[in-house]
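In what follows, a single structure is set out as structure tokens and then discussed.
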Amino acid sequence: MPFFHKHLLGIQDLSKKDILTILETAESMEGISTRDVKKVPVLRGKTIINLFLEPSTRTSSSFELAAKRLSADIINFNRQASSVLKGESLRDTVENLEAMYADAIIIRHTAAGAPHYVSTFCRSHIINAGDGAHEHPTQALLDAYTIKQKKKKFEGLKVVIVGDILHSRVARSNILCLHKLGTHIILSGPPALVPESLEKFKVEVNYDMDRAVEDADVIMMLRIQKERQQKNSYPSIREYRFLYSLTEKKLKKAKKKVIIMHPGPVNKGVELTSDLASSDRSVILKQVENGVSVRMAVLYLLLGGKEREATD
Amino acid sequence: MPFFHKHLLGIQDLSKKDILTILETAESMEGISTRDVKKVPVLRGKTIINLFLEPSTRTSSSFELAAKRLSADIINFNRQASSVLKGESLRDTVENLEAMYADAIIIRHTAAGAPHYVSTFCRSHIINAGDGAHEHPTQALLDAYTIKQKKKKFEGLKVVIVGDILHSRVARSNILCLHKLGTHIILSGPPALVPESLEKFKVEVNYDMDRAVEDADVIMMLRIQKERQQKNSYPSIREYRFLYSLTEKKLKKAKKKVIIMHPGPVNKGVELTSDLASSDRSVILKQVENGVSVRMAVLYLLLGGKEREATD
Amino acid sequence: MPFFHKHLLGIQDLSKKDILTILETAESMEGISTRDVKKVPVLRGKTIINLFLEPSTRTSSSFELAAKRLSADIINFNRQASSVLKGESLRDTVENLEAMYADAIIIRHTAAGAPHYVSTFCRSHIINAGDGAHEHPTQALLDAYTIKQKKKKFEGLKVVIVGDILHSRVARSNILCLHKLGTHIILSGPPALVPESLEKFKVEVNYDMDRAVEDADVIMMLRIQKERQQKNSYPSIREYRFLYSLTEKKLKKAKKKVIIMHPGPVNKGVELTSDLASSDRSVILKQVENGVSVRMAVLYLLLGGKEREATD
């Protein structure tokens, strides 16, 4: 299936067909990572910039590995390097990187909309690796890939997302993605963090987690990000845990073959216990694994690997 | 044209012919960076060390990309890594790096003369990426490359350099380089930062910027580096801007096809306005772009790519 | 000779035959680093993680170069990156890295036993790059390689190790390694730092350095690591230097062709003088050089390079 996008700014811009194309491509990429020589020359001679202006090691390493497995050259610009560039605007930084003949810029930024802004003046491919509370499209794609891998379908599945929906770009991208793929989505969490206005996304909201997880096929726990929460969003971590952490007891109400997801890193004992995180229902490490395949697929589709393969 | 130097320590050591050889080589390197697969195997299996003991991301990334496009392996040692090496002398650090079979060491250091000192005991190729207020030869070479690209010649051109000449290694290397290439050089800036003694370099000094830029073909604005200036070199930033920032009004006195250069990053509103920096007379991003080609040329010529190409 | 280990956790687990296999393999690796194109494709498509949770640049760079010369892809996780992972357990960090299809994880950690712990749940090859005061096996192997290179044998050699034996993983690994290789080992240093209990390792202890070095073939000076020493282990640095620094006078008591070793970086004027460190009896830079060859050998033997070479 062809893929006609220059950038990956958010799930919002993708059709169901686009998403399925990425997932199918990711499947063939997984084949590469499990081979003895896990490297193909399809993006040889391409220059990719990892511009992470918000701290991250998992996502940045996942992209770095994805780029290297496709034989691209990748250069890392982390928060520390960016502090050196202090005083320089985002536009100046990006224009300078692009002037060195960058083919793609992977950008993580604290401000929602930063990747979109950059795409308005750049000729490089822009990939959003997380922008404020807006979107984190590759996370939603790797989550969808993991669900497809375990459940073989999307239609009719009941996916429950639990936690701070309001401030979570992971939740936002997942809601957009799973909605396009036809799953039934239920949101749960403290009322102050799960606004009813979200119902316009055609999702169900249930503040009672015990009832939200009834018959769930997938339970996706979000990471509590203390730094992002406004004061008084919920009484205390202790009360939050009591109401919204995943326990064996709550899990019993879900389907027997339910899978547990989490974008990581898990606050063990807060969102879920260590035992559940490493139980056979947890697919948390599978998500990390699939992250590389999905990011390889995104780089491959955007940077036109297909055409190159023929002539290389 | 053959190139018989082991190191690139400064423009001072290069003949006009050497400089022209580098610029010609850079031209063929530019061809590589604009191809679909921008990578050639000429320095495959060579080990290059990026030893940046003064913070920098632009120059260090530019060298990193240049090395990667020639297929060399490059390892970064930045200021942070160097703090780990604290207590160790520069000689010890370099000897240790070289012991790992480094072919070339690219060094940026706060002390003038550091690359020269290193070259006295190293068998590796040493490349000066900026040493104190002494030289920054690849910057002068990329500036010369940009001027040649836009003006097709050097003889008879009028190049005006404006700012803190006294503390600027960029100015120093450019004066040496453009003088060898036969351009007419005019320096302007506050008297305390543009010593008359510079006239021995056969340059003209004019403290009145309005008159200095008359009929200029090239205006090269230097970056104001607050940390390098001694107190009381000029009354205030406000007065500096009034006298020595580039404005549309001043620009009108230059030739119609004048180009504006700046080594970056620009202090917008100080050395020049945002509008001028992104106008069609500005070649600032072209300089960044050409930096990669010029650095590829330097690495290629020093590390003997020519011979290798034949047997690879 | 075949090599049947999955991990390199310590010298303790290796037989004499294993050690000799590594040294022989290192010899052929040295041949690669001295060629014009110092790169072979034996580990192409392998993913290696450099997980340095204790600051280091020498050892980490040495492994990075070793991996690159074998054409593996290597990703660095340093202390700074690890601070981002704060709150995450070592197990979580490693499981996440491994989920990205890592073939080998090189780990340095402040806690003795960390690499062993990691090896109990990992399917990747684990290489100990220094764990607390426990072991630093590649250092001992490169030291043995250097001794073999200079002395052509191990049996009957008299090797003196001087300094803080108690807290030194370098000493510990070297004692285990040289003991297996049949050298005669003498330890010297302040009594508080050279416990008599070490005599169970069949080593001689002599607190009088002048007598310890008599007829020595090899003198291995350890680095004084102020941060690791408990208070009052010795009266003062001044007294330490007087008693246990290597001087020309002490050196006269050793064999004429004695070699001086040090794992680096040398505290010049403490463990030995600058003059001795750069004299022709010093093999300190040779040790750094041999580090790359030995680490290439370890990576090659563990990651099964042999088989791959045939099919690549």
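Chains A, B and C supply the protein sequences, listed in that same order.
Take the first sequence: its position 97, counted from the start at 1, is 510 in the numbering used here, and no numbers get skipped.
Take the second sequence: its position 140, counted from the start at 1, is 553 in the numbering used here, and no numbers get skipped.
Take the third sequence: its position 307, counted from the start at 1, is 720 in the numbering used here, and no numbers get skipped.
Where a beta carbon is used, it is the ideal one built from N, C-alpha and C, also for glycine.
Just curious, the alpha helix (DSSP H) that residue i is in, first and last residue?
i, result
"A:Leu-664", "661-664"
"B:Gly-543", "Careful: B:Gly-543 lies outside any alpha helix (DSSP H), inside the beta strand (DSSP E) at 538-544."
"A:Glu-509", "It should be noted that the sequence gives Asn, not Glu, for residue 509 of chain A. Start and end: 503-512."
"B:Asn-703", "697-715"
"A:Val-583", "582-593"
"A:Lys-571", "First-last for A:Lys-571: 571-575, but that is the beta strand (DSSP E), not the alpha helix (DSSP H)."
"A:Ile-560", "550-564"
"A:Ile-632", "Looking at the DSSP string, A:Ile-632 is not in any alpha helix (DSSP H); the run it does join, the beta strand (DSSP E), is 631-634."
"A:Asp-688", "687-690"
"A:Thr-470", "Here A:Thr-470 belongs to no alpha helix (DSSP H), and DSSP marks it neither H nor E."
"B:His-529", "527-532"
"B:Arg-654", "650-657"
Going by Cα to Cα distance, which pick from the options is closest to residue i?
i, options, result
"A:Leu-456", "A:Pro-603, A:Ala-515, A:Arg-694", "A:Ala-515"
"B:Leu-589", "B:Pro-550, B:Ser-474, B:Gly-458", "B:Pro-550"
"B:Phe-490", "C:Val-531, C:Thr-470, C:Ile-672", "C:Thr-470"
"B:Thr-460", "C:Val-705, C:Leu-478, C:Asp-426, C:Ser-473", "C:Leu-478"
"A:Leu-664", "A:Arg-504, A:Tyr-653, A:His-597, A:Leu-689", "A:Leu-689"
"C:Asn-463", "C:Asp-486, C:Ser-658, C:Leu-656", "C:Asp-486"
"C:Lys-429", "C:Thr-506, C:Gln-552, C:Gly-595, C:Val-453", "C:Gly-595"
"C:Gly-545", "C:Thr-660, C:Ala-480, C:Arg-582", "C:Arg-582"
"B:Lys-681", "B:Asp-426, B:Thr-660, B:Lys-563", "B:Thr-660"
"B:Ile-637", "B:Val-507, B:Lys-666, B:Gly-602", "B:Gly-602"
"B:Phe-614", "B:Leu-715, B:Leu-433, B:His-597", "B:His-597"
"A:Gly-423", "A:His-547, A:Asp-449, A:Val-453, A:Ala-524", "A:His-547"
"B:Pro-678", "B:Ala-667, B:Ser-691, B:Lys-666", "B:Ser-691"
"A:Pro-468", "A:Gly-543, A:Tyr-657, A:Leu-579", "A:Gly-543"
"A:His-529", "A:Ala-512, A:Arg-651, A:Lys-564, A:Gln-425", "A:Gln-425"
"B:Leu-635", "B:Glu-511, B:Pro-415, B:Ala-527, B:His-580", "B:His-580"
"B:Leu-591", "B:Phe-534, B:Arg-521, B:Lys-566", "B:Lys-566"
"B:Arg-651", "B:Met-513, B:Glu-684, B:Ser-475, B:Val-696", "B:Glu-684"
Please compile the residues from chain B whose C-beta is within a distance smaller than 7 Å of the C-beta of residue i.
i, result
"A:Ile-488", "Ser-474, Glu-477, Leu-478"
"A:Glu-501", "Pro-678"
Specify, as a first and last residue, the run of the beta strand (DSSP E) that residue i falls within.
i, result
"A:Ser-601", "597-601"
"A:Leu-376", "Nothing can be reported for residue 376 of chain A: it is not among the residues displayed for chain A, which extend from 414 to 725."
"C:Ile-673", "672-674"
"B:Asp-486", "486-490"
"A:Ile-519", "517-522"
"C:Val-626", "Unbroken run through C:Val-626: none, as it is neither H nor E."
"A:Pro-432", "Note on identity: in this sequence residue 432 of chain A is Ile, with Pro being the wrong assignment. Here A:Ile-432 belongs to no beta strand (DSSP E); instead the alpha helix (DSSP H) covers 429-446."
In chain A, which residues lie with their C-beta within 9 Å of the C-beta of residue i?
i, result
"B:Ser-446", "Thr-460, Met-513, Tyr-514"
"B:Val-705", "Ala-512, Met-513, Tyr-514"
Along chain A, in chain order, which residues have C-beta atoms closer than 7 Å to that of residue i?
i, result
"C:Arg-482", "Within chain A, no residue comes near C:Arg-482; the closest Cβ sits about 16 Å away, beyond 7 Å."
"B:Leu-589", "Within chain A, no residue comes near B:Leu-589; the closest Cβ sits about 25 Å away, beyond 7 Å."
Just the chain C side, please: which residues come within less than 8 Å of residue i by C-beta, in chain order?
i, result
"A:Arg-471", "Asn-509"
"A:Glu-467", "Ordered by position in chain C, no residue passes the 8 Å Cβ test against A:Glu-467, which lies about 10 Å from the chain."
"A:Glu-702", "Ala-512, Met-513, Tyr-514"
"B:Arg-582", "The contacting residues do not exist; B:Arg-582 stays about 27 Å from chain C at best."
So which residues of chain B does residue i contact, with C-beta pairs closer than 9 Å?
i, result
"C:Lys-561", "Near C:Lys-561 there are no residues of chain B at all, since even the closest Cβ is about 18 Å away, more than 9 Å."
"C:Leu-698", "Glu-508, Asn-509, Glu-511, Ala-512"
Under 8 Å between beta-carbons, which chain B residues line up against residue i? List them in chain order, please.
i, result
"C:Lys-571", "Simply none; closest approach about 26 Å."
Determine which residues of the segment 615-631 of chain B have a Cβ less than 7 Å from any Cβ of chain E, and write them out in chain order.
The chain labelled as chain E is not found among the protein chains of the depicted structure, namely A, B and C.
> Which residues, taken in chain order from the segment 659-685 of chain B, show a beta carbon closer than 9 Å to some beta carbon of chain A?
Replying inline: Gly-677, Pro-678, Val-679, Asn-680, Lys-681
When you check each C-beta in the segment 532-545 of chain A against every C-beta of chain B, which residues fall closer than 7 Å? none
Taking contact to mean at least 3 C-beta pairs separated by less than 8 Å, is the segment 550-568 of chain B in contact with the segment 700-720 of chain B?
yes
* **chain A contacts from the segment 505-524 of chain C (Cβ-Cβ distance under 7 Å)** => Asp-505, Glu-508, Asn-509, Ala-512, Met-513, Tyr-514
Q) Touch check for the segment 570-587 of chain B and the segment 623-641 of chain B: three-plus C-beta pairs under 8 Å? A) As far as the Cβ criterion goes, the segment 570-587 of chain B touches the segment 623-641 of chain B, which means the pair count is three or higher.
Hey, is the segment 603-611 of chain B in contact with the segment 660-673 of chain B, meaning 3+ C-beta pairs nearer than 8 Å? The count of Cβ pairs closer than 8 Å, one atom from the segment 603-611 of chain B and one from the segment 660-673 of chain B, stays below three, leaving the stretches out of contact.
Cβ pair count under 8 Å reaching 3, the segment 709-718 of chain A against the segment 428-445 of chain A: yes
* To do: Give the residues from the segment 429-457 of chain A that approach chain B closer than 8 Å (Cβ to any Cβ), ordered along the chain.
  => Arg-457
Check whether the segment 506-526 of chain C and the segment 511-527 of chain B touch, using three or more Cβ-Cβ pairs below 8 Å as the test. Counting Cβ pairs under 8 Å, fewer than three are found: no touch.
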